[in-house]
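Each number in my numbering corresponds to the 1-based position in the sequence shown with 13 added.
The beta carbon of each residue, even a glycine, is placed where N, CA and C say it ideally should be.
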Amino acid sequence: MNPHSLAVAGLSSEQTLVRAFLGPWLVGGCLDLLFMGVLGCQLVNYYNWYKDDSINLRLTVAMLALLNVLKSAECFASLWIFLINHYGDINTALAMSSRMESKNNLL
14 MNPHSLAVAG LSSEQTLVRA FLGPWLVGGC LDLLFMGVLG CQLVNYYNWY KDDSINLRLT
74 VAMLALLNVL KSAECFASLW IFLINHYGDI NTALAMSSRM ESKNNLL
């Protein structure tokens, strides 16, 4: 992504980079938190309504919920590193962001 194509009047190039690269991480983290609440409600409803399901299916649902919680924890750990530990250090945040995206085999 070319940071010069994202330039906004009155913002420095560093502020433009923060908006372009760290803003989506923050918005995604907030949406992730919202959907974790939805998942929690669905999980409680599933275990209350479908008590006759096999133990394998119930364990699979629990495993998927645990994986989703771990994914959310990773997202918020990344946000903590970007926005707290390296506050004001846009170059480190950009390097970490690109390194994580390049190691993601799903993209």
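With respect to the alpha helix (DSSP H) encompassing residue i, which residues constitute its N-terminal and C-terminal limits?
{"i": "I68", "result": "I68 to W93"}
{"i": "Y63", "result": "Y63 -> no alpha helix (DSSP H), and no H or E assigned at all."}
Between the beta-carbon of residue i and the beta-carbon of residue j, is there less than 9 Å?
{"i": "L56", "j": "A78", "result": "yes"}
{"i": "I97", "j": "F34", "result": "no"}
{"i": "Y60", "j": "V74", "result": "yes"}
Please check the pair residue i and residue j, which I expect to be a contact at CB under 8 Å, by giving their CB distance rounded to whole angstroms.
{"i": "C88", "j": "G42", "result": "5 Å"}
Requested in this report: Check whether the region 69 to 84 touches the region 45 to 57, counting contact only when three or more Cβ pairs, one atom from each stretch, lie closer than 8 Å.
Outcome: Judged by Cβ distances under 8 Å, the region 69 to 84 makes contact with the region 45 to 57, as three or more pairs qualify.
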